[in-house]
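Reading the sequence shown from the start, the letters are residues 2 to 63 in this note's numbering.
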Amino acid sequence: MMIKKLTNRIGKRLIDDERGLAAVEYAVLGAIVVAAIVAIGTDFRTNLAAAFSSLFSSISGS
């Protein structure tokens, strides 16, 4: 019975503890920013490759 009380008490403490929430929020925000940068970078790379391909085609066609 005493172990059950102790585990309930520790569990309540862990649930009520909010000290690490800011770090978790920043980690989630950082992950979202990184995902956005990767998505934009991939699209940008594709457009840049197409632009250079078009440029080189027009130069070699001259």
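Beta carbons: idealized from backbone N, C-alpha and C, even for Gly. What you are looking at is a predicted structure, and each value in this text was computed from that prediction instead of being measured.
{"Item": "For M3, three-class secondary structure by DSSP", "Value": "helix"}
{"Item": "CA-to-CA distance, S59 to Y27, given in whole angstroms", "Value": "47 Å"}
{"Item": "Chain C contact for N9 (CB, 8 Å cutoff)", "Value": "In the displayed structure, chain C is absent; only one protein chain is listed."}
{"Item": "Assigned secondary structure, G31 (DSSP; H/G/I helix, E/B strand, else coil)", "Value": "helix"}
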